[in-house]
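Input: a single structure, listed below in structure tokens.
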Amino acid sequence: MPYTAPVPEFTFLLDHVVGFDAVAGTERYGDASPDMVGAVLTEAGKLCDEVLAPLNRNGDLHPARLENGVVRTSPGFAEGYRAIADGGWVAITAAPEYGGMGLPVTVSTAVNEMMSGACLALQLNPLLTQGQIDALEHHASDEMKALYLPKLISGEWAGTMNLTEPQAGSDVGALSSKAERNDDGTYAVTGQKIFISWGDGDVTENVCHLVLARLPDGKPGTKGISLFMVPKYLPDAQGNPGVANSLKVVSLEHKMGLHGSPTCVMSYEGATGWLVGEEHDGMRAMFTMMNNARLSVGAQGIGAAEGAYQHALAYALERKQGPTPEGGIVGHADVRRMLAGMKADIFAARAISLACAVAIDMSRATESAEWTARAALLTPIAKAFGTDVGISVSEQGVQVHGGMGYVEETGAAQFYRDVRVTAIYEGTNGIQAMDLVGRKLMDGGEAANRLLDEIEANAEAARASLPDLAGAVWDAAESLRETLDGLVAQKMGERFGGAVPFLRAFARVLGGHFHLRAAMADPEGTHRRLADFYITRLLPEHTGLLAQVSAGDETLMAITTEDLAA
Ligand SMILES: Cc1cc2nc3c(=O)[nH]c(=O)nc-3n(C[C@H](O)[C@H](O)[C@H](O)COP(=O)(O)OP(=O)(O)OC[C@H]3O[C@@H](n4cnc5c(N)ncnc54)[C@H](O)[C@@H]3O)c2cc1C
4 MPYTAPVPEF TFLLDHVVGF DAVAGTERYG DASPDMVGAV LTEAGKLCDE
54 VLAPLNRNGD LHPARLENGV VRTSPGFAEG YRAIADGGWV AITAAPEYGG
104 MGLPVTVSTA VNEMMSGACL ALQLNPLLTQ GQIDALEHHA SDEMKALYLP
154 KLISGEWAGT MNLTEPQAGS DVGALSSKAE RNDDGTYAVT GQKIFISWGD
204 GDVTENVCHL VLARLPDGKP GTKGISLFMV PKYLPDAQGN PGVANSLKVV
254 SLEHKMGLHG SPTCVMSYEG ATGWLVGEEH DGMRAMFTMM NNARLSVGAQ
304 GIGAAEGAYQ HALAYALERK QGPTPEGGIV GHADVRRMLA GMKADIFAAR
354 AISLACAVAI DMSRATESAE WTARAALLTP IAKAFGTDVG ISVSEQGVQV
404 HGGMGYVEET GAAQFYRDVR VTAIYEGTNG IQAMDLVGRK LMDGGEAANR
454 LLDEIEANAE AARASLPDLA GAVWDAAESL RETLDGLVAQ KMGERFGGAV
504 PFLRAFARVL GGHFHLRAAM ADPEGTHRRL ADFYITRLLP EHTGLLAQVS
554 AGDETLMAIT TEDLAA
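For reference, each letter of the sequence shown is one residue, going 4 to 569 in my numbering.
Quick look at the structure:
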């Protein structure tokens, strides 16, 4: 499907909106000059437009299939994957000592989003490998790093994450996969995992599974879980794929979308595994992978939204129904409303995603606790809002197409079907919201208040030139602060009824802030008009959302299970 990577928009955001200059100003990322980053994004954009986007439809029409225990991927996916790997795009943030480029996470977030917009199902493969590399860099032994990282970074091998079991989805601690200690220091891993993305494929020579399992003396719950590296082929003495491990793909799921991504039921039958991190402390290492993947999945949502938007805009420019000044339906007020809303929300979600990535980079470059807390605060928002925008924008994309949106040939429905899962996997968006109001406010709201201080200070600075926009953003930030204070005062269990509306209100306010910054940098142009639209028409949604949060969970939990069934 035609797709044009939004490189100029990323450049604008990095230069004017999300404070990337602070990252480029650090010693660690000193090489990330505007020229260098611009060149990287342009090259990645070409790969997306010319190689990956033409594969998107293949994945939908010709799903991955299981043949004699081996996954065969959609036509062209192996070549597309090779182009990603040969271009060095699998892991551009990885450590140079293992073959990575050591680039900022902000740059890889932009690249991931563009690849997702071009072909979501294929991009999920390197996304998972990136998360695995991050987990190994932080938690693996030097020996394991030396063996696995170069192969994963080069893309010769791919990485997966294995948490989910039939009875253990959001409740990871309920898993029943077991690990036994072998005499030679390895472990025997046994159990069944479901929904494992890219659990096998014909695009790499080995697949490295990170598997959560419990040792015999592991406590129940998440505290007693350990993490194991379980490769499809055991590395031989030279580090090449050797004999097959005792694991297999039992079946592939038939899904609503994302057909090009093989979603596997995996069986581990005393498979040889190596411990990652410490025994019983596997969730810590897995969380490194999950946090990495949460930001990337948020970027997947935005990428799919961008693809759906471009598709809808092209249709609205061509399709004629009744007289409009431009000729096409794009001239009708309601179609204009949909397209403007889509574009404004994509901007807001993209800015939040990049701001989260900037915080991660600053945390890594400066080891500052404040940046670490900022990154932790923004991660669930970037994941949930990015994927919600993916869903709402692709749904609007169908609506812009009218009946043709409901007909598969146009491709509008594929964006919607493909992106729908992003709000479910990598921790559902409900779980993200609980993380935000729970764990991320355990500092008494300090990190959130610090961010609100910055938003208000920026609005103050904008008051002279853009009084209406600045005033609206300042007021919204202050309302959010008041609700935040109320939320922090509540007991943990009481907060959850308002978790999802709180996360969305937070995202709305952040969106207002970033739109305002864009308007300040582009006071006469497209960004100014988009900011006017967002701040007057979309930002006010925060008022209703905050009212839901303030209402507490009383009226919610008063609806009994019997009421629901009545
Ligand atoms: C296409 C696809 C690919 C996937 N890829 C992978 C993968 O590569 N590796 C992997 O390990 N897993 C993978 N998953 C699994 C995915 O992460 C889980 O589906 C997800 O975590 C939700 O778990 P569940 O499906 O068991 O739903 P459940 O946990 O049963 O949730 C059902 C509903 O209840 C809500 N809920 C559950 N618990 C709570 C709670 N405590 N409080 C409030 N609400 C709650 C949820 O938000 C959700 O709305 C994939 C899933 C799909 C569909």
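Glycine included, each C-beta is placed from N, C-alpha and C at the ideal position.
Test item: CB-CB of Phe517 and Ala347 under 8 Å: One-based indexing of the sequence shown puts residue 517 at position 514. One-based indexing of the sequence shown puts residue 347 at position 344. The Cβ-Cβ distance between Phe517 and Ala347 does not fall below 8 Å.
Could you tell me the distance, in whole angstroms, from the CA atom of Tyr101 to the CA atom of Lys49? On the sequence shown, position 98 is the one that residue 101 refers to. On the sequence shown, position 46 is the one that residue 49 refers to. Approximately 26 Å, taken between the alpha carbons.
Answer yes or no: the CB of Leu44 versus the heavy atoms of ligand 1, is any distance below 7 Å? As a first step, residue 44 must be located in the sequence shown, where it is residue number 41. Leu44 Cβ: outside cutoff for every heavy atom of ligand 1.
Tell me which residue opens and which closes the alpha helix (DSSP H) that Lys154 is part of. Numbered from its first residue, the sequence shown carries residue 154 at position 151. Asp145 to Ser157 is the extent of the alpha helix (DSSP H) around Lys154.
Compute the distance between the beta-carbons of Ser180 and Leu215, then report whether it is under 8 Å. On the sequence shown, position 177 is the one that residue 180 refers to. On the sequence shown, position 212 is the one that residue 215 refers to. In this structure, Leu215 lies closer than 8 Å to Ser180 by Cβ.
Cβ separation of Pro504 and Leu548, assumed to be a contact under 8 Å, to the nearest whole Å: For the purposes of this step, residue 504 is taken as the residue at position 501 of the sequence shown. For the purposes of this step, residue 548 is taken as the residue at position 545 of the sequence shown. Their Cβ separation, rounded to whole angstroms, is 4 Å, which keeps Pro504 and Leu548 in contact under 8 Å.
In whole angstroms, what separates the C-alpha of Arg498 from that of Gln399? Position 495 of the sequence shown, counted from the first residue, corresponds to residue 498. Position 396 of the sequence shown, counted from the first residue, corresponds to residue 399. Answer to the nearest angstrom: the Cα atoms are 31 Å apart.
Nearest-angstrom beta carbon gap, Gly393 and Ala308 [assumed within contact, 8 Å]: The residue given as residue 308 occupies position 305 in the sequence shown. The residue given as residue 393 occupies position 390 in the sequence shown. Sure, about 5 Å apart at Cβ, within 8 Å.
Could you tell me which whole alpha helix (DSSP H) segments of length 4 or greater appear in the stretch 486 to 532? 495 to 498 and 502 to 524
Does the count of Cβ pairs from the stretch 271 to 278 and the stretch 191 to 202 closer than 8 Å reach three? yes
Across which residues does DSSP place Cys211 in a beta bridge pair? Here residue 211 is taken as the residue at index 208 of the sequence shown, counted from 1. Looking at the DSSP output, Cys211 shares a beta bridge with Gly162 and Pro234.
Verify the contact flag: Thr200, CB atom, against every heavy atom of ligand 1, threshold strictly below 7 Å. Within the sequence shown, the letter at position 197 stands for residue 200. Per the sequence shown, residue 200 should be read as Ser rather than Thr. Yes, Cβ of Ser200 sits closer than 7 Å to a heavy atom of ligand 1.
Does Val396 come out as helix, strand or coil in the three-state DSSP assignment? If you number the sequence shown from 1, residue 396 lands on position 393. Note: Val396 maps to helix in three-state DSSP.
Who are the Cβ neighbours of Ala480 in its own chain at under 6 Å, not counting the five residues just before and after it? Start at 1 with the first residue of the sequence shown, and residue 480 comes out as number 477. Cβ neighbours of Ala480 beyond the five flanking positions: Leu455, Ile458, Glu459 and Val512.
How many Å lie between Asp205 and Lys235 at the Cα? Within the sequence shown, residue 205 is the residue found at index 202, counting from 1. Within the sequence shown, residue 235 is the residue found at index 232, counting from 1. Cα to Cα, the separation comes out at about 12 Å.
Find the nearest neighbour of His212 within the set Leu55, Met164, Ala86 and Val114, judged by alpha-carbon distance. Here the question's residue 212 lines up with position 209 in the sequence shown. Considering only alpha carbons, the answer is Met164.
Shortest alpha-carbon distance to Ala124 belongs to which of Asp186, Thr266, Ser173 and Gly41? Within the sequence shown, residue 124 is the residue found at index 121, counting from 1. Closest by alpha carbon: Thr266.
Ends of the alpha helix (DSSP H) at Arg85? For this step, residue 85 is matched to residue 82 along the sequence shown. Its alpha helix (DSSP H) spans residues Phe80 to Asp89.
Can you give the Cα-Cα distance for Leu405 and Phe80, rounded to whole angstroms? As a first step, residue 405 is located in the sequence shown; it is residue number 402 there, counting from the start. As a first step, residue 80 is located in the sequence shown; it is residue number 77 there, counting from the start. For the sequence presented, residue 405 should be read as Gly rather than Leu. If you take the alpha carbons of Gly405 and Phe80, they lie about 31 Å apart.
Strictly by DSSP, which residues pair up with Ser173? Reading the sequence shown from its first residue, position 170 is the one you call residue 173. Beta-bridge pairing links Ser173 to no other residue.
For Val233, count the other beta carbons within 10 Å of its own beta carbon; 16 or more makes it buried, fewer makes it exposed. Which is it? Counted from its first residue, the sequence shown places residue 233 at position 230. Burial call: buried.
Neighbourhood of Val108 by C-beta, 8 Å cutoff - its chain only, sequence neighbours within 5 removed: By 1-based counting over the sequence shown, the position of residue 108 is 105. The residues are Thr96, Leu298, Ala360, Ile363, Asp364 and Arg367.
So the alpha helix (DSSP H) Gln133 belongs to, where does it begin and stop? Looking up residue 133 in the sequence shown gives position 130. Gln133 -> alpha helix (DSSP H) spans Val108 to His142.
Inspect the CB distances between the stretch 309 to 317 and the stretch 127 to 136 and report whether three or more fall short of 8 Å. no
For Leu255, is the beta carbon positioned less than 7 Å from some heavy atom of ligand 1? One-based indexing of the sequence shown puts residue 255 at position 252. In this structure, Leu255 has its CB at a distance of at least 7 Å from all heavy atoms of ligand 1.
Where DSSP assigns a beta bridge to Thr193, which residues make up the other side? As a working note, residue 193 is residue 190 in the sequence shown. DSSP lists Lys181 and Glu272 as partners of Thr193.
Do Val43 and Leu131 have their C-beta atoms closer together than 8 Å? For the purposes of this step, residue 43 is taken as residue 40 along the sequence shown, with counting starting at 1. For the purposes of this step, residue 131 is taken as residue 128 along the sequence shown, with counting starting at 1. No, Cβ-Cβ distance for Val43 and Leu131 is not below 8 Å.
When we look at the beta-carbon of Glu146 and count the other beta-carbons within 10 Å, is it buried (16 or more) or exposed? Counting from one through the sequence shown, the residue named residue 146 turns up at place 143. Under this definition Glu146 is an exposed residue.
Per DSSP, Cys267 is paired with what? As a first step, residue 267 is located in the sequence shown; it is residue number 264 there, counting from the start. Its beta-bridge partners are Ile199 and Leu255.
I believe Gly489 touches Leu559 by the beta-carbon criterion, under 8 Å. Please report the beta-carbon distance rounded to the nearest angstrom. Translated into positions along the sequence shown, residue 489 becomes position 486. Translated into positions along the sequence shown, residue 559 becomes position 556. Their Cβ separation, rounded to whole angstroms, is 16 Å, which puts Gly489 and Leu559 out of contact at 8 Å.
Nearest residue (CA-CA) to Gly158, options Thr112, Asp137, Gly90 and Met117: If you number the sequence shown from 1, residue 158 lands on position 155. It is Gly90 whose Cα lies nearest to the Cα of Gly158.
What do you reckon, are the CB atoms on Leu472 and Ile427 nearer than 8 Å? Translated into positions along the sequence shown, residue 472 becomes position 469. Translated into positions along the sequence shown, residue 427 becomes position 424. Going by C-beta atoms, Leu472 is not nearer than 8 Å to Ile427.
What distance in whole Å lies between the Cβ atoms of Met345 and Val396, which are believed to be in contact at a cut-off of 8 Å? To locate residue 396, count along the sequence shown from 1; it is residue 393. To locate residue 345, count along the sequence shown from 1; it is residue 342. Sure, about 5 Å apart at Cβ, within 8 Å.
Using a 10 Å radius around the Cβ and a threshold of 16 neighbouring Cβ atoms, would you call Leu16 buried or exposed? On the sequence shown, position 13 is the one that residue 16 refers to. Burial call: buried.
With DSSP as the reference, please indicate the residues paired to Val73 in a beta bridge. Taking the sequence shown and counting its residues from 1, one reaches residue 73 at position 70. Answer is Glu70, bridged to Val73.
For Ala372 and Gly134, I'd like the C-alpha separation in whole angstroms. In the sequence shown, counting from the first residue as 1, residue 372 sits at position 369. In the sequence shown, counting from the first residue as 1, residue 134 sits at position 131. Answer to the nearest angstrom: the Cα atoms are 22 Å apart.
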